[in-house]
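Numbering (the working numbering), first residue to last: 923 to 1565. Here's the structure, in structure tokens; my notes come after.
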């Protein structure tokens, strides 16, 4: 009776495997109809396993029972329907059935000790193949769970059982890879029950996955040379295109950390040659080109990245083996690796492309990119997801201000004014009549945990940002109106800018100076407030000159230099106004201090400020500096001759 049942169960197992092999839906990960199709085989193998395990364990039935257990586990792992702990418990149950058939008294063994006990029972030739198959699945599950020590212990016992007294070292420095090299799983014979995936194929999956996962761990830990060696070993294994692209990209990360940019470029090129749709490789290339100062190459990489993201949805990369239920990509798909490679945000890449074009002086391209970005913004909410954990889109008003500056740079003045008006509209209801901030008691680093007063500090900083954003929007509108020749309108909006800044009052109840406390409370805003005030005063002063209101212009230039004494443009405008008011003695005295200072004579504005403020500095450059300098030097020379 038992023999008849075994024959029937053997025929059922082999029939299921043959049907699976003939199925057109053989992919390493399942979805939709593929999952339903694979689920049919999974249910059939589970039902068959329940039949054979419903009887007491006996030696003649063990090879078939373990083979059916392996086939059932292959589908369970491929479909990810059970947790790893549940799957490992099923393996333990199967091993305990082996001990039961050998009449070994039941004891509570650790998983590794359980394997050692099974392997030292004098395993028959018929049982070696199914046990090796089961051991491969055990190793895969432990590897996926990052239980490397237990995986090493298992394969140490396997190698020792196969070749007692012989070293299992396979020539690799890494212990697990050495043990895998020294392990030689049995081939399935023609008389053996059929398996869905051979132990030799699973060994290849184990080898590549072990090298890959350990290499990634070493990379994260900062051991870049060790990580590179392991990733190079992983690249020699059998793996699909997507995994190979990931390996080359990680190798590039190792090389850039080791100060080898040219080797990094080669690694990233190989990643894209293997899989041109692997977006993280393009992203890493863009970061590297930026690090090397290769602006054109960086912009090209960002453009390709954005185009790839906007293209058709990527198709699944299939395993090299058409019969693989368990594959490398299934095993290495860990949350940490997914977070490292991340799902890129197209909005983020579009912003970075626009911002870098603006920094590169390609304002026309930047303006178009910014307009595309703002259009995408209108279509739905902004998801500010990090790109590989490296980048983030700044706050919405800042992006609008950059867009306005780009449009103003290409003389699209009306468009720039309209975008700035959007900033004014979005922030006005958030701005109080006056904003009194105690920087001594409200200091709080962003993201830190603090006492109940911490939330108040964050609210105050948010209000400060809103005031500064609206003031900067007025500044850009004033610059645009000035360049349109609308002096009165420019003076009006620049006055609004200055009034906004007057709303802010800083008090200090702390022990440090107000400047030090403010730098701790809001470091970026602390630098921007005097810059915006200086720019607004200088541009408004220039417009007063256009209207012949020279005394008001002189006051603005003097106040501007109070906030930014290093501004070349403000010095030139002050000299010009003094000369125009026939206050030549004051002009000459100021000139003698000004033109002997190389810092003040430097026309290029510093780039420590945001790009939109840097462009404002460029626009307000005094246009007649050479002729004014010549007049001042001539007058100074004449006075020297009279002495």
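Glycine is no exception: its CB is placed at the ideal position from the N, C-alpha and C atoms. This structure is a prediction, so every number in the text was calculated from the model and none was measured.
- Item | Endpoints, the beta strand (DSSP E) within which residue 1427 is located | 1426–1429
- Message: So if DSSP puts residue 1359 in a beta bridge, which residue, or which two residues, is it bridged to?
- Response: 1428
- Query: Should residue 1297 go down as buried or exposed, given a rule of 16 or more other Cβ atoms within 10 Å for buried?
  - Reply: exposed
- Query: Where does residue 866 land, buried or exposed, given buried means 16+ other C-beta within 10 angstroms?
  - Reply: Outside the displayed range of the chain (923 to 1565) lies residue 866, so it cannot be described from this structure.
- Let me know the secondary structure DSSP gives residue 1309 once reduced to three states. Its pLDDT being 38, under 50, residue 1309 is placed unreliably in this model, and the coordinates cannot settle the point.
- Just checking my contact of residue 1392 with residue 1321 at CB under 8 Å: how many whole Å lie between their CB atoms? Rounded, the Cβ-Cβ distance is 15 Å, inconsistent with contact.
- Message: Buried or exposed, going by whether 16 or more other CB atoms sit within 10 Å of the CB of residue 1499?
- Response: buried
- Is residue 1317 helix, strand or coil when you go by DSSP? coil
- Whole angstroms is fine: what's the gap from residue 982's alpha carbon to residue 929's? 11 Å
- How many Å lie between residue 1128 and residue 1064 at the Cα? 10 Å
- Message: Taking only three categories from DSSP, how would you classify residue 1209?
- Response: helix
- Hey, would you say residue 1159 sits closer than 8 Å to residue 1123, going by beta carbons? no
- Can you give me the Cβ contacts of residue 938 inside the same chain, cut-off strictly under 7 Å, excluding the 5 residues immediately before and after it? 963, 966, 967
- Message: I'd like the span of the alpha helix (DSSP H) that includes residue 1221, first residue to last.
- Response: 1217–1232
- Would you report the Cα separation of residue 1631 and residue 985, rounded to the nearest angstrom? Missing from the structure shown is residue 1631; the chain here goes from 923 to 1565 and no further.
- Message: Quick test of the definition: if touching needs 3 or more C-beta pairs under 8 Å, does the stretch 1463–1478 touch the stretch 1510–1521?
- Response: no
- Query: Around the Cβ of residue 1036, are there at least 16 other Cβ atoms within 10 angstroms (buried) or fewer (exposed)?
  - Reply: buried
- Query: Leaving out the 5 sequence neighbours to the left and right, which residues in its chain are closer than 7 Å to residue 1169 when beta-carbon positions are compared?
  - Reply: 1134, 1153, 1156, 1157
- Query: Of the residues 1137, 1505, 1533, 1323, which one's Cα is nearest the Cα of residue 1395?
  - Reply: 1323
- Query: Alpha carbon to alpha carbon, what distance is there between residue 1553 and residue 1562?
  - Reply: 14 Å
- Message: Whole angstroms are fine: how far does the CA of residue 1380 sit from the CA of residue 1542?
- Response: 34 Å
- Given residue 1340 as reference, the closest of 1229, 1400, 1512 once Cα atoms are compared: 1400
- Query: Helix or strand or just coil, what does DSSP make of residue 963?
  - Reply: helix
- Query: residue 1476: which of 1557, 1505, 1449, 1175 sits nearest, CA to CA?
  - Reply: 1505
- Under the three-state DSSP convention, the category residue 1095 falls into: coil
- Message: Please return the same chain residues whose Cβ sits closer than 8 Å to the Cβ of residue 1566, not counting the five positions on each side in sequence.
- Response: Nothing can be reported for residue 1566: it is not among the residues displayed for the chain, which extend from 923 to 1565.
- Determine the DSSP secondary structure at residue 985, reduced to helix, strand or coil. helix
- Task: Check whether the Cβ atoms of residue 1076 and residue 1057 lie closer than 8 Å to each other.
- Result: yes
- Distance, residue 1113 Cα to residue 1023 Cα: 22 Å
- Applying the criterion that 16 or more other CB atoms from any shown protein chain within 10 Å of the CB defines a buried residue, is residue 1361 buried or exposed? buried
- To the nearest angstrom, report how far apart residue 935 and residue 1029 are at their CA atoms. 31 Å
- By Cβ distance below 6 Å, which residues in the same chain neighbour residue 1010 in space, the five residues on each side in sequence not counted? 1063
- In whole angstroms, what is the alpha-carbon distance linking residue 1299 and residue 1404? 29 Å
- Query: Alpha carbon to alpha carbon, how far is residue 1252 from residue 1261?
  - Reply: 16 Å
- Item | Own chain partners of residue 1140 with C-beta closer than 8 Å, once the 5 adjacent residues on each side are dropped | 1146, 1148, 1149, 1152
- Item | residue 1004, enclosing alpha helix (DSSP H) - first and last residue | From DSSP, residue 1004 is part of no alpha helix (DSSP H); its letter is neither H nor E.
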